[in-house]
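**Student:** If you scroll down you'll find the structure; I have some questions about it.
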Amino acid sequence: MRKALITGITGQDGSYLAEFLLERGYEVHGIKRRASSFNTDRIDHLYQDPHEADRRFVLHYGDLTDSSNLTRILKEVQPDEVYNLAAQSHVAVSFESPEYTADVDALGTLRLLEAIRLLGLDKKTRFYQASSSELYGLVQETPQKETTPFYPRSPYAVAKLYAYWITVNFRESYGMYACNGILFNHESPRRGETFVTRKITRGLANIAQGLDTCLYLGNMNALRDWGHARDYVEMQWLMLQQEQPEDFVIATGVQYSVRDFVRMTAAELGIEIEFVGEGLQEKGVVVSVVGRDAPAVNPGDEIIRVDPRYFRPAEVDTLLGDASKAKERLGWAPTRSIEELVAEMAASDLDQAKRNVLLAKNGYSVTTRQEG
Ligand code: NDP
Ligand code: GDR
1 MRKALITGIT
11 GQDGSYLAEF
21 LLERGYEVHG
31 IKRRASSFNT
41 DRIDHLYQDP
51 HEADRRFVLH
61 YGDLTDSSNL
71 TRILKEVQPD
81 EVYNLAAQSH
91 VAVSFESPEY
101 TADVDALGTL
111 RLLEAIRLLG
121 LDKKTRFYQA
131 SSSELYGLVQ
141 ETPQKETTPF
151 YPRSPYAVAK
161 LYAYWITVNF
171 RESYGMYACN
181 GILFNHESPR
191 RGETFVTRKI
201 TRGLANIAQG
211 LDTCLYLGNM
221 NALRDWGHAR
231 DYVEMQWLML
241 QQEQPEDFVI
251 ATGVQYSVRD
261 FVRMTAAELG
271 IEIEFVGEGL
281 QEKGVVVSVV
291 GRDAPAVNPG
301 DEIIRVDPRY
311 FRPAEVDTLL
321 GDASKAKERL
331 GWAPTRSIEE
341 LVAEMAASDL
351 DQAKRNVLLA
361 KNGYSVTTRQ
371 EG
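Heads up: the sequence shown at position 27 corresponds to 27 in full-length UniProt numbering, and the numbers run straight through without jumps.
Written as structure tokens, this is what we have:
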């Protein structure tokens with residue numbers, strides 16, 4: 001039975017990748033961080049009691065800042081494949097915690113690679129690094145592909161740049177099977193609540209159900225190439241199944257603005273929205289409401305406003321990927337459209353909002369906190 005070790009297994013991608021590998025018969029090991037309360041919501045459905053015989057899903061306490069811990073886990077598991085998905089992954093937060101971000105995202109990758117090498121696993125273990133379209137930052141070419149020069153624009157992206165190159169360096173220096181997936185933004189109902197897509201679907205669902213009145217956003221003009229996380233984790237696995245390790249861009253090749261994403265989500269909830277004003281004065285105003293999903297919303301309501309606290313010290317204005325190499329070499333293409341993605345995320349958050357309405361009606365407290 002093949003064994004995989006996933007760092008970041010409690011995150012969006014980690015949870016989908018764990019499901020994917022279990023379906024393919026892998027024994028899946030994951031590293032989770034110690035927290036004062038349970039932090040495994042996204043993978044609780046996969047949990048197997050330690051007393052069960054023939055367990056194929058095993059969690060280990062660990063942290064990318066702790067070399068001896070990583071070495072111990074790698075020694076114990078002896079994985080065929082390591083997927084390094086763990087990261088302080090929020091770009092805006094990386095400006096507030098740049099040193100921690102570098103420690104986890106850059107040095108954490110080095111710690112894992114060096115542990116694999118020192119344990120003599122370098123010929124056995126294949127390594128996937130979660131690289132990012134944020135590497136392109138101030139874009140030098142459109143669309144961006146594997147050969148496009150990098151120009152990182154945040155402490156997060158600079159840390160990921162180190163991780164990208166140390167992965168290439170271990171491949172070239174020690175002949176390790178190590179590769180980078182340069183993934184453009186990918187979303188799902190499991191996306192963290194502080195990333196813009198989920199913030200929008202959750203925020204508008206709360207407003208539709210009367211749990212909140214206004215959603216505050218930052219740069220509405222930012223353009224992103226948004227795919228579905230389920231499509232992208234399959235690619236992570238495919239990259240480790242080739243004869244030679246190589247780096248691949250994964251993207252849809254289609255671009256939308258944050259404003260477009262708001263409009264599409266609102267439409268999914270039966271709300272037609274119009275944007276008025278410019279810059280800090282821009283507002284999203286309700287034009288009409290159809291259907292029964294937004295009983296708390298009325299024409300004229302101002303449900304979107306701009307708040308500069310969500311602006312970044314340096315912004316990545318536009319990203320658009322060219323995944324031709326992945327298509328040609330790996331036969332990969334995204335299977336889900338942006339419309340399907342928005343519909344799935346909006347439906348999931350609407351369902352949650354409806355449950356929260358019931359809880360609130362029965363005197364339980366619910367949180368509609370907006371962050372990120
Ligand atoms: P998430 O933020 O959802 O998940 C990050 C994971 O890393 C969580 O499991 C988190 O644990 C864990 N983690 C954070 N810090 C540490 C640490 N010090 N030690 C061990 N684990 C840690 O990210 P995604 O699933 O969206 O992304 C997966 C990876 O892909 C990340 O590296 C991200 O930077 C990268 N990426 C993501 C893209 C996207 O659009 N989603 C695009 C390109 C790259 P906890 O749950 O305890 O917080
Ligand atoms: P990003 O994702 O920075 O691309 O990083 P995020 O969803 O945070 O931002 C996308 C764009 O939307 C703009 N924006 C806002 N963003 C947030 N979070 N909150 C807001 O209120 C808001 N308003 C506008 C941002 O300025 C930005 O331009 C994600 C992460 O998953 C990274 O780990 C990953 O590497 C990249 O995608 C590819």
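Even glycine gets a Cβ: it sits at the ideal position worked out from N, Cα and C.
1. In this structure, what does DSSP give as the bridge partners for residue 178?
2. Please report the Cβ distance between residue 229 and residue 190, rounded to the nearest whole angstrom; I am assuming they are in contact, meaning their Cβ atoms lie under 8 Å.
3. Using beta-carbon positions only, say whether residue 134 and residue 91 come within less than 9 Å of one another.
4. Given this structure, state the Cα-to-Cα distance separating residue 308 from residue 282, to the nearest angstrom.
5. Relative to ligand 2, is the shortest distance from any of its heavy atoms to the C-beta of residue 199 smaller than 8 Å?
6. Does DSSP classify residue 104 as helix, strand or coil?
7. Tell me whether the segment 191 to 204 and the segment 242 to 256 touch, counting them as touching only if at least three CB pairs, one residue from each stretch, are closer than 8 Å.
8. Cα separation between residue 258 and residue 267?
9. Let me know if residue 356 comes out buried or exposed under the rule of 16 or more other beta-carbons within 10 Å of its beta-carbon.
10. For residue 112, tell me which candidate among 139, 66, 272, 98 has the shortest Cα-Cα distance.
11. If you follow the beta strand (DSSP E) that residue 4 is in, where does it begin and where does it stop?
12. Starting from the C-beta of residue 223, find all residues in its chain whose C-beta is less than 6 Å away, skip the five residues before and the five after it, and write them out in chain order.
13. Starting from residue 232 and walking both ways along the alpha helix (DSSP H), at which residues does that stretch end?
14. When you compare only the Cα positions, how much space is there between residue 298 and residue 270?
15. Kindly give me the distance between the Cβ atoms of residue 31 and residue 17, rounded to whole angstroms, as I take these residues to be in contact under 8 Å.
16. Can you tell me whether residue 295 is buried or exposed, with buried defined as 16 or more other CB within 10 angstroms of its CB?
17. Cβ atoms of residue 235 and residue 326: under 9 Å apart, would you say?
18. According to the Cβ coordinates, are residue 154 and residue 95 closer than 9 Å?
19. By DSSP, does residue 274 sit in helix, in strand, or in coil?
20. When DSSP labels each residue in this structure, what does residue 217 get in the three-state scheme?
21. Among 127, 132, 152, which residue has its Cα nearest to the Cα of residue 139?
22. Could you give the distance in angstroms between the alpha-carbon of residue 372 and the alpha-carbon of residue 84?
23. Sort 322, 81, 340 by Cα distance to residue 261 and report the nearest one.
**Tutor:** Looking at the atomic coordinates:
1. For this step, residue 178 is matched to residue 178 along the sequence shown. Partner(s): 127.
2. Position 229 of the sequence shown, counted from the first residue, corresponds to residue 229. Position 190 of the sequence shown, counted from the first residue, corresponds to residue 190. Residue 229 to residue 190, Cβ: 7 Å. Contact.
3. Here residue 134 is taken as the residue at index 134 of the sequence shown, counted from 1. Here residue 91 is taken as the residue at index 91 of the sequence shown, counted from 1. Cβ distance < 9 Å, so residue 134 and residue 91 count as in contact.
4. Here residue 308 refers to the residue found at position 308 of the sequence shown. Here residue 282 refers to the residue found at position 282 of the sequence shown. When rounded, the distance between both Cα atoms is 12 Å.
5. Here residue 199 corresponds to residue number 199 of the sequence shown, with the count starting at 1. Correct: residue 199 has its Cβ closer than 8 Å to ligand 2.
6. For the purposes of this step, residue 104 is taken as the residue at position 104 of the sequence shown. Residue 104 falls in the helix class under three-state DSSP.
7. no
8. In the sequence shown, residue 258 corresponds to position 258, counting from 1. In the sequence shown, residue 267 corresponds to position 267, counting from 1. In a straight line, the C-alpha of residue 258 is about 14 Å away from that of residue 267.
9. Numbered from 1 along the sequence shown, position 356 holds the residue referred to as residue 356. Buried, since its Cβ has 16 or more Cβ neighbours within 10 Å.
10. Here residue 112 refers to the residue found at position 112 of the sequence shown. Considering only alpha carbons, the answer is 66.
11. For this step, residue 4 is matched to residue 4 along the sequence shown. First-last of the beta strand (DSSP E) with residue 4: 3 to 7.
12. As a working note, residue 223 is residue 223 in the sequence shown. Closer than 6 Å at the Cβ level, and outside the excluded window around residue 223, lie 255, 257, 318.
13. Position 232 of the sequence shown, counted from the start, is the residue given in the question as residue 232. Start and end: 229 to 239.
14. Position 298 of the sequence shown, counting from 1, holds the residue named residue 298. Position 270 of the sequence shown, counting from 1, holds the residue named residue 270. Distance between the alpha carbons of residue 298 and residue 270: 11 Å.
15. Along the sequence shown, read from residue 1 onward, the residue named residue 31 stands at position 31. Along the sequence shown, read from residue 1 onward, the residue named residue 17 stands at position 17. Not really, about 13 Å apart at Cβ, beyond 8 Å.
16. If you number the sequence shown from 1, residue 295 lands on position 295. The residue is exposed, with fewer than 16 neighbouring Cβ atoms inside 10 Å.
17. In the sequence shown, the residue the question calls residue 326 occupies position 326. In the sequence shown, the residue the question calls residue 235 occupies position 235. Going by C-beta atoms, residue 326 is nearer than 9 Å to residue 235.
18. The residue given as residue 154 occupies position 154 in the sequence shown. The residue given as residue 95 occupies position 95 in the sequence shown. Result yes, Cβ atoms of residue 154 and residue 95 sit closer than 9 Å.
19. Position 274 of the sequence shown, counted from the first residue, corresponds to residue 274. Residue state, collapsed to three classes: strand.
20. Here residue 217 is taken as the residue at index 217 of the sequence shown, counted from 1. In this structure, residue 217 counts as strand in the three-state DSSP scheme.
21. The residue you call residue 139 lines up with position 139 of the sequence shown. Measuring from the Cα of residue 139, the nearest candidate turns out to be 152.
22. One-based indexing of the sequence shown puts residue 372 at position 372. One-based indexing of the sequence shown puts residue 84 at position 84. Taking the straight line from one Cα to the other gives about 24 Å.
23. As a position in the sequence shown, residue 261 is number 261, starting the count at 1. If we check each option's Cα against that of residue 261, 340 comes out closest.
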